[in-house]
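J.:
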Amino acid sequence: DTKGTFSQTYGTFEARIKYDAGTGAWPAFWLDAADGSWPPEIDILEAYPNTGGVWPGPTRIYQTLHYGSSNSTHEIIYNAGTDLTTGFHVFKMVWAPGRIDFYLDGTHTGSITSDVPSKAMYPILNLAVGDWSARANSTTPSTMKMQIDYVRISR
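First residue of the sequence shown: -17, per my numbering; consecutive thereafter.
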């Protein structure tokens, strides 16, 4: 993350990422508020690439805005129709006053046009294990990776 060193309000946030499949894997590319408040949070990529038929599986990503005092959300669940764990993919968000547009490999996956934050936020890229959809189990690989080819941020 760039907490304390870089944040901005609005712009284009993009990263080319490859992550492994595995039940309980939780790769993410997201923004958190620079002033330490929460919400807001903007998730450019959250994936739950569970295996063995456990939902949501390696074809889906979540792109979410968390907002408001009761942690309300606007959520886009995008099914790419193909296993996203087999190669690198470009995850992108264009954030402007009153609008957030999300993309996967250049395809527009959805927009959020209400409750859009207007405060400085900083990017975070991480791979966690264990989430709301599934915990690691005996089928989970003992080693998982999230590879980041590049991160680009512009105004």
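Ideal Cβ placement from N, Cα and C applies to all residues, glycine included.
Exposed or buried, Phe(-12), counting other C-beta atoms within 10 Å across all chains shown (16 or more means buried)?
T.: Translated into the one-based positions of the sequence shown, residue -12 becomes position 6. Exposed, because fewer than 16 other Cβ atoms sit within 10 Å of the Cβ of Phe(-12).
J.: According to DSSP, simplified to helix, strand and coil, what is Thr41?
T.: Working through the sequence shown from its first residue, we reach residue 41 at position 59. Thr41: coil per DSSP, three-state reduction.
J.: Determine whether the beta carbon atoms of Ala(-3) and Ile130 lie at a separation below 8 Å.
T.: By 1-based counting over the sequence shown, the position of residue -3 is 15. By 1-based counting over the sequence shown, the position of residue 130 is 148. For Ala(-3) and Ile130, yes; Cβs fall inside 8 Å.
J.: Taking the alpha carbon of Glu28 as the point to measure from, which residue in Met126, Asn108, Thr64 has its own alpha carbon closest?
T.: On the sequence shown, position 46 is the one that residue 28 refers to. Ranking Met126, Asn108, Thr64 by Cα distance to Glu28 puts Asn108 first.
J.: Roughly how many whole angstroms lie between the Cα atoms of His90 and Asn119?
T.: One-based indexing of the sequence shown puts residue 90 at position 108. One-based indexing of the sequence shown puts residue 119 at position 137. Taking the straight line from one Cα to the other gives about 34 Å.
J.: Quick one: Cα of Arg42 to Cα of Leu66, how far?
T.: As a first step, residue 42 must be located in the sequence shown, where it is residue number 60. As a first step, residue 66 must be located in the sequence shown, where it is residue number 84. Taking the straight line joining both Cα atoms gives about 8 Å.
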